[in-house]
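Residue numbers (full-length UniProt numbering): 1 to 146.
Quick reminder that beta carbons are idealized off the backbone N, C-alpha and C, glycines included.
This report refers to the structure that appears directly beneath it.
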């Protein structure tokens, strides 16, 4: 895992950098979560409400609503698909997003639409380069709120 100004950026994930979300693909199952820079910019997460299991979400639309001390709004879904599971732990422990954004704090799992193309997302060295530029430009210094 790479670290840029305190921000963890795993190279094995796909990223929608503009919307600060990550994707892990396992066959046709897509796991989505928020990035370390996103949790830092948001501050302590107070509330997470994902769409219901069975809901079909389109790429670019809201997958979940988030609320923190600094911000309230949607977590944008980077792919299209049907929600098959949500992370129930976040209902009682929303601050997990601040503590472990790439592990226990994933937000939802979707069954991706047929032939899901992740070409609009970045991964590996390209993701690190773009996140490095964003983190430096926006003067982000990641930290964990708990």
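Beta-bridge pairing of residue i - partner residues as DSSP gives them
| i | result |
| --- | --- |
| residue 24 | 31 |
| residue 3 | 8 |
Bounding residues of the beta strand (DSSP E) (the contiguous stretch that carries residue i)
| i | result |
| --- | --- |
| residue 82 | 81-86 |
| residue 108 | 108-112 |
| residue 36 | Residue 36 -> not in any beta strand (DSSP E); alpha helix (DSSP H) instead, spanning 36-42. |
| residue 49 | 45-50 |
Residue environment, residue i, which counts as buried when at least 16 other CB atoms sit within 10 Å
| i | result |
| --- | --- |
| residue 106 | buried |
| residue 72 | exposed |
| residue 109 | buried |
| residue 117 | exposed |
Helix, strand or coil at residue i [DSSP, three-state]
| i | result |
| --- | --- |
| residue 136 | helix |
| residue 18 | coil |
| residue 66 | strand |
| residue 128 | helix |
| residue 76 | strand |
| residue 120 | coil |
| residue 57 | strand |
Beta-carbon proximity list for residue i, same chain, < 7 Å, skipping 5 on both sides
| i | result |
| --- | --- |
| residue 68 | 42, 43, 44, 45 and 46 |
| residue 130 | 17 and 122 |
| residue 49 | 64 and 65 |
Endpoints, the alpha helix (DSSP H) within which residue i is located
| i | result |
| --- | --- |
| residue 89 | 89-92 |
| residue 96 | 96-99 |
Neighbour flag for residue i against chain B, beta carbons, 8 Å
| i | result |
| --- | --- |
| residue 45 | Structure shown: chain B not included; a single protein chain is present. |
Proximal residues to residue i (C-beta, below 6 Å), its chain only, five neighbours per side dropped
| i | result |
| --- | --- |
| residue 28 | 111 and 112 |
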